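Engineer: Take this structure, written in structure tokens, and hold onto it; I'll ask about it next.
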Amino acid sequence: DTEVTQTPKHLVMGMTNKKSLKCEQHMGHRAMYWYKQKAKKPPELMFVYSYEKLSINESVPSRFSPECPNSSLLNLHLHALQPEDSALYLCASSQDFNEQYFGPGTRLTVT
Amino acid sequence: GENVEQHPSTLSVQEGDSAVIKCTYSDSASNYFPWYKQELGKRPQLIIDIRSNVGEKKDQRIAVTLNKTAKHFSLHITETQPEDSAVYFCAAHHYTSYGKLTFGQGTILTVHP
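Residue numbers (the working numbering), protein chains in the order written: chain Y, 3 to 113; chain B, 3 to 115.
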């Protein structure tokens with residue numbers, strides 16, 4: 003089952019709010035990813051976790067804080083976001099860094 | 003770092019025709035090349051991939067070819083159908099990149115009935 007799930011599907015938040023995005027996979031994959039995608043653009047990598055440890059941070063602003071509580075879960079904590087952070091946030095997972103399977107995404111709107 | 007160029011940016015074909023999308027990459031050490039299909043409002047879906055030790059791979063109506071010398075790879079879709087309409091992204095990965103895919107800018111494919 004190549005299924006990655008994400009909640010919520012949609013999120014609207016103000017610039018002073020704190021919210022979290024959640025991602026789950028039950029394929030036993032060792033790597034998990036957060037991507038940001040703007041309309042009509044390719045996904046942009048934000049973070050990579052390998053064996054529950056952060057291995058890549060693509061110079062993402064500190065208002066985005068990732069967390070990997072266990073091998074199946076990945077969270078993205080959001081705080082003091084800007085309107086330009088509005089985008090589709092995609093989670094992905096893979097066994098060996100190659101075949102990455104994406105979740106359905108969270109459509110985030112910052113007002 | 004790696005750079006991936008994808009062409010064309012838009013492609014319009016009639017149902018039943020073939021479609022070809024081409025990508026070139028800059029890092030000769032890249033060794034994994036996936037293709038993703040993204041329908042409007044949906045997730046990117048891995049549709050086919052190829053590793054650097056293989057020259058061609060087919061899966062029903064889709065195929066990918068890789069030319070390592072020229073550093074380019076292509077997606078071929080035969081007998082196109084309206085449901086093939088989507089944005090297609092190519093990507094390249096080097097094994098030392100620890101999962102960082104470098105994506106092309108995407109091709110909007112429209113298949114007219």
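Note that the Cβ used here is the ideal one computed from N, Cα and C, for glycine as well.
It should be emphasised that the depicted structure is a prediction, and the values quoted were computed from it without experimental measurement.
What residues are listed by DSSP as bridge partners for E7 of chain B?
Structural biologist: B:T26
Engineer: Please report how far the alpha carbon of P44 of chain Y lies from the alpha carbon of A31 of chain B, in whole angstroms.
Structural biologist: 22 angstroms
Engineer: Q47 of chain B and Y38 of chain B: beta carbons closer than 9 angstroms?
Structural biologist: Taking the C-beta atoms as reference points, Y38 of chain B is found nearer than 9 angstroms to Q47 of chain B.
Engineer: Keeping to the same chain, check which residues put their C-beta closer than 8 angstroms to that of S28 of chain B; ignore five residues upstream and five downstream.
Structural biologist: In its chain, beyond the 5 residues on either side, E4, N5, V6 and K73 have a beta carbon closer than 8 angstroms to the beta carbon of S28 of chain B.
Engineer: So what does DSSP say about D87 of chain Y, is it helix, strand or coil?
Structural biologist: helix
Engineer: Within 9 angstroms (strictly less), CB to CB, does P71 of chain Y reach chain B?
Structural biologist: No Cβ of chain B is located within less than 9 angstroms of the beta carbon of P71 of chain Y.
Engineer: What does DSSP give as the partner residue(s) for D61 of chain B in the beta ladder?
Structural biologist: B:I64
Engineer: List, in order along the chain, the chain Y residues whose C-beta lies closer than 8 angstroms to that of D86 of chain B?
Structural biologist: Neighbours of D86 of chain B on chain Y: none; closest Cβ ~18 angstroms, over 8 angstroms.
Engineer: Once you ignore the five residues that flank V15 of chain B on each side, which residues in its own chain have a CB closer than 8 angstroms to its CB?
Structural biologist: A21, T82, L111, T112, V113 and H114
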